[in-house]
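Engineer: Numbering (UniProt numbering), first residue to last: 1 to 665. Here's a structure for you.
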Amino acid sequence: MVPWVRTMGEKLKQRLRLDVGREICRQYPLFCFLLLCLSAASLLLNRYLHVLMIFWSFVAGVVTFYCSLRPDSLLPNIFFTIKYKPKQFGLQELFPQGRSCAVCGKVKCKRHRPSLLLENYQPWLDLKISSKVDASLSEVLELVLENFVYPWYRDVTDDESFVDELRITLRFFASVLIRRIHKVDIPSIITKKLLKAAMKHIEVIVKASQKVENTEFLQQAALEEYGPELHVALRSRRDELHYLRKLTELLFPYVLPPKATDCRSLTLLLREILSGSIFLPSLDFLADPDTVNHLLIIFIDDSPPEKATEPPSPLVPFLQKFAEPRNKKPSVLKLELKQIREQQDLLFRFMNFLKQEGAVHVLQICLTVEEFNDRILRPELSNDEMLSLHEELQKIYKTYCLDESIDKIRFDPFIVEEIQKRKIIKSVPGKLMKEKGQHLEPFIMNFINSCESPKPKPSKPELTILSPTSENNKKLFNDLFKNNANRAENTERKQNQNYFMEMMTVEGIYDYLMYVGRVVFQVPDWLHHFLMGTRILFKNTLEMYTDYYLHCKLEQLFQEHRLVSLITLLRDAVFCENTEPRSLQDKQKRAKRTFEEMMNYIPDLIVKCIGEEAKYESIRLLFDGLQQPVLNKQLTYVLLDIVIQELFPELNKVQKEVTSVTSWM
C-alpha cells in the first residue's frame, strides 16, 4: 500500500511541477515572499479586493514585462547627438592577381575579356599623405636598405637597378597596407574582436595570480596557465622568427606586385628583411612594457592633446620621392617601344602578353596615335583629309576617353578636360610630336621579362633559420625577452580554431566592462545584478559612445606631429642599436605615472561601490600583468593574427599547409 501511495505522490509532484516551483523560490525569494503575502491578504481581506487589485495589476505588469523581454532585447542608442559612422575613402578595390573582369568583377573570369586596372600595378595612385609623415616613412625605408641591402650589394656591383626594383616593391607593399587599412572600421575591430581576445588574456592573468604570491612569478604562472594554447611564436625566439617568415610568405601574393612571387630570390630576400629585420624588432618594441606604458598614457590621458607647433605640411604622393630611380646608367637589356614595333616576333609576343593582362588597348592607342601623328604632320592636307582626321580624333576620344567605353584608359584629368574644351585642337601637332610612347616604358620594362617562355624552375632554395654566430644570436636573443617561453618544439598542440575567439560569450564593450568588474574588481552581487538589469537600457548607447570615443582618440593619435613621433620611436627602436637606451630610472618614472593614471581613470562612483582596497588591488593586478614582456608578446601575436585576418580576409579561403600557422590564423 505504501509503494502505491508513494508512486501516486511522485506522479502528482511531476504534474504540479513542484521542482520548478522550488527552483523559482530559490532564485527569486523576495518576489515569491511578496506574492505569498499578497495572496494571503486577498484571502483574508476579500472585502478589500478592489484595493488589492491595484497591487495584483502591478505584479501582473511586472511579470508580463519580465517574460516578454529576452536577453538580446536592447534599447537603441539614446544619445541621438552621438552617431558614429566609419569614413568611406572610396579607394579602388585591388585584385591581387593583377586583373579583373570589367563586366562581372571576378578575378579569374573566363567568359569576358579581362580589363586592366592600374591600381593592381600602382596601388599608390590617389594615395596622398602629409610630406612630414612621408619623409619619416622614407627615412625608415632608407635605413632598411642601408642596413640590410647595401652592405653586401655594394660589394657586388654599383648598379642601382636592383635596388630601384626593391624600392618599388617596398612602396607597393606599403601602399597595399594603407589601402586595406582604409577599408576596415578600426574602432569596430577594436571593440568587437581585439578586446574580446584581451578579456581572455586578463582571465589567464587573474587565474595565474591566484596561484602565486609574488608578482615575480606571475609571468611563468600565466604561461603555464596557457598550456598548449600558448601562441606558437612564443615557444622560443627561433620559433618566433620562423612564424614571422611563414606569415610573411603567406601574405606575399596579396602585398607584392603581380607575378613578383615568381622570382624566388626576390621573395627570399624580402622575407628575410621583413621578418627578421623589421617585424621581429617592431614586435619586440610593441611588447616592451615601457612602450605599453607610453601607449596607455596616451590613451587614458584626458588632458588636451598636444597642439602642433607648425602648420600642417602639404599632401604629397605616397612615397614618390623614395621610389624615384637612382640608376642613371642605360641598360643594354632595355627595349624601346619603337624596337618592339619594328620586330614582328617581339611585337607578337608583346601582344600575347598584353592579351593576358587585359591591356591590349594600351598598345592600340599608342599605335593609333602614332599613325594619326604621321598623317597630321604632312605639309599639305586637303579639306577632306582634315575632316577625316577630325572624325578619327573623335573616334579615338570616344573609344579611349569616355567613362562608359570598355577600352577606357585612365588619363590624367587635365588631358581629358582639354580635349572636352577643344583646346587640344590648337596644340595637337606639338603634343603628338612629344607623345611617342615614352610613358609606356615603365609598363613595358616591368613586364618585358614576362614575355619570355617559362623556363624550368630549379629546386626551391631555402635559407637556414639562423647561422649559429654570436652576432646573429645577439640580434635574436636579448635580456628582455630571452628565449620567450622556452618550450620544446615537440610540444603537443590542440588543432582547433583560435582559442581566444571561441571561449568568450560576451559581446560588446558593456559586456567587457561587466566581465572585468566581475573577474578583476570582484564587484558585489547586487551591483552585478543592477548592471545586468541596466544592460537592456544602456548597452547600445555605451557601445555607440565607445566607437565615437575611440574614433576621436585615433584621430588624435594619427595627427601629423604624433604620427611622426611614433614613427621616430619605432625607427630608433629598430635601427639605432648603438644609441643609449632609456635608463631604468626613466622607465620606472613612466611606469609609476602609468599606474597613477590608471588609478585616476576609475570614476569615483565605481570606487564607492567596490571600495578603495578592491580598486587598488585590481588596478595593481592589471598593471603587473602589463609589465610582463613575454605575456605582452603573447597578447601582441594574438591581436596581430586577428588584425591580419581582418586586413586579408582572403586568407580564410586559403588552404594552409603549415601546421604552425594553421591553428593561429
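Glycine included, each C-beta is placed from N, C-alpha and C at the ideal position. Computed from a prediction, not measured in an experiment: that's the story for all the values here.
Quick one: using the 10 Å Cβ neighbour count with 16 as the cut-off for buried, is Ser246 buried or exposed?
Structural biologist: The sequence as given places Lys at residue 246; Ser does not occur at that position. Lys246 should be labelled buried.
Engineer: Check whether the Cβ atoms of Thr248 and Ser282 sit closer than 8 Å, and answer yes or no.
Structural biologist: Going by C-beta atoms, Thr248 is not nearer than 8 Å to Ser282.
Engineer: Answer with buried or exposed for Glu613, where buried requires no fewer than 16 other C-beta atoms within 10 angstroms of its C-beta.
Structural biologist: The residue in question, Glu613, is exposed, as its Cβ has fewer than 16 Cβ neighbours within 10 Å.
Engineer: Should residue 670 go down as buried or exposed, given a rule of 16 or more other Cβ atoms within 10 Å for buried?
Structural biologist: Since the displayed the chain opens at 1 and closes at 665, residue 670 lies outside it and no answer follows.
Engineer: Measure the Cβ-Cβ separation of Leu118 and Phe173 and say whether it is below 8 Å.
Structural biologist: Cβ distance not < 8 Å, so Leu118 and Phe173 don't count as in contact.
Engineer: Does the region 220 to 235 come close enough to the region 635 to 643 to have 3 or more Cβ pairs within less than 8 Å?
Structural biologist: The region 220 to 235 vs the region 635 to 643: in contact.
Engineer: Taking the C-alpha atoms as reference points, what is the distance between Asn652 and Phe372?
Structural biologist: Between Asn652 and Phe372, the C-alpha separation is close to 51 Å.
Engineer: Which residue marks the beginning of the alpha helix (DSSP H) containing Leu639, and which one marks its end?
Structural biologist: Where Leu639 is concerned, the enclosing alpha helix (DSSP H) stretches over 629 to 647.
Engineer: Under three-state DSSP, which class holds Ser467?
Structural biologist: Its pLDDT being 41, under 50, Ser467 is placed unreliably by the model, and nothing is read from it.
Engineer: So, helix, strand or coil for Ile406, using DSSP?
Structural biologist: Three-state result, Ile406: coil.
Engineer: Along the chain, where does the beta strand (DSSP E) that runs through Val204 open and close?
Structural biologist: It is not in any beta strand (DSSP E) - Val204 instead sits in the alpha helix (DSSP H) that spans 195 to 209.
Engineer: Could you pull out every residue in the same chain whose Cβ sits closer than 7 Å to the Cβ of Gly204, ignoring the five residues on either side in sequence?
Structural biologist: Per the sequence presented here, residue 204 reads as Val, with Gly not at that position. Excluding positions up to five away in sequence, the list reads Ala222, Glu225, Tyr226.
Engineer: Quick one: which unbroken alpha helix (DSSP H) runs of 4-plus residues sit fully inside the region 320 to 398? Chain order, please.
Structural biologist: Complete alpha helix (DSSP H) runs here, min 4: 337 to 342, 344 to 357, 360 to 376.
Engineer: Drop a sphere of 10 angstroms on the beta-carbon of Val59, count the other beta-carbons inside from all chains shown, and report buried for 16 or more, exposed for fewer.
Structural biologist: Looking at its Cβ environment, which holds fewer than 16 other Cβ atoms inside 10 Å, Val59 is exposed.
Engineer: Compare the Cα-Cα distances from Tyr515 to each of Ala197, Asp290, Leu626 and report the closest residue.
Structural biologist: Ranking Ala197, Asp290, Leu626 by Cα distance to Tyr515 puts Ala197 first.
Engineer: Below 8 Å between beta carbons: does that hold for Gln645 and Gln219?
Structural biologist: Going by C-beta atoms, Gln645 is not nearer than 8 Å to Gln219.
Engineer: When DSSP labels each residue in this structure, what does Val316 get in the three-state scheme?
Structural biologist: In the structure shown, Val316 sits in a strand (DSSP, three-state: E or B).
Engineer: If you draw a straight line from the alpha carbon of Leu137 to that of Ile567, how long is it in whole angstroms?
Structural biologist: Between Leu137 and Ile567, the C-alpha separation is close to 7 Å.
Engineer: Would you mind listing the alpha helix (DSSP H) stretches within the region 587 to 625 that are 4+ residues and don't spill past its ends, in chain order?
Structural biologist: Within the region 587 to 625, the complete alpha helix (DSSP H) runs of at least 4 residues are 604 to 610.
Engineer: Excluding five sequence neighbours on each side, which residues of the same chain lie with their C-beta closer than 7 Å to the C-beta of Tyr512?
Structural biologist: Leu195, Met199, Val506.
Engineer: Tell me Lys128's beta-bridge partners as DSSP assigns them.
Structural biologist: Beta-bridge pairing links Lys128 to Pro317.
Engineer: Which residues bound the alpha helix (DSSP H) around Gly533?
Structural biologist: It spans 525 to 557 - the alpha helix (DSSP H) in which Gly533 sits, taken as one unbroken run.
Engineer: Taking all protein chains shown into account, do 16 or more other C-beta atoms lie within 10 angstroms of the C-beta of Ser405, making it buried, or fewer, making it exposed?
Structural biologist: Looking at its Cβ environment, which holds fewer than 16 other Cβ atoms inside 10 Å, Ser405 is exposed.
Engineer: Leaving out five residues on either side along the sequence, give the residues of the same chain with a beta carbon under 7 Å from the beta carbon of Lys207.
Structural biologist: Correct list, in chain order: Glu225.
Engineer: Should Thr64 be labelled buried (16 or more other beta-carbon atoms within 10 Å of its own) or exposed?
Structural biologist: Exposed.
Engineer: Can you look up Gln27 in the DSSP assignment and give me helix, strand or coil?
Structural biologist: If DSSP states are grouped into helix, strand and coil, Gln27 belongs with the helices.
Engineer: Would you say the region 520 to 530 touches the region 555 to 564, given that touching needs at least three Cβ pairs under 8 Å?
Structural biologist: Not touching, per the Cβ criterion.
Engineer: Compute the Euclidean distance between the alpha carbons of Leu251 and Asn293, then round it to the nearest angstrom.
Structural biologist: For Leu251 and Asn293, the distance between alpha carbons rounds to 31 Å.
Engineer: Using the rule of at least 16 other Cβ atoms within 10 Å of the residue's Cβ for burial, across every protein chain shown, is Val362 buried or exposed?
Structural biologist: Result: buried.
Engineer: So for Cys37, helix, strand or coil by DSSP?
Structural biologist: DSSP places Cys37 in helix when its eight states are reduced to three.
Engineer: When you compare only the Cα positions, how much space is there between Gln343 and Glu336?
Structural biologist: Their Cα atoms are separated by approximately 11 Å.
Engineer: Taking contact to mean at least 3 C-beta pairs separated by less than 8 Å, is the region 308 to 326 in contact with the region 602 to 616?
Structural biologist: The answer is no - the region 602 to 616 does not touch the region 308 to 326, with fewer than three Cβ pairs under 8 Å.
Engineer: Tell me the DSSP secondary structure of Ala222 in three-state form.
Structural biologist: Ala222: helix per DSSP, three-state reduction.
Engineer: For Leu141 versus Ile178, is the C-beta spacing smaller than 8 Å?
Structural biologist: No. Outside cutoff.
Engineer: So Ser131 packs on Val316, CB below 8 Å; how close in whole Å?
Structural biologist: About 5 Å; that satisfies the 8 Å criterion.
Engineer: Could you check what DSSP says for Gln585 in three-state terms: helix, strand or coil?
Structural biologist: Correct three-state label for Gln585: helix.
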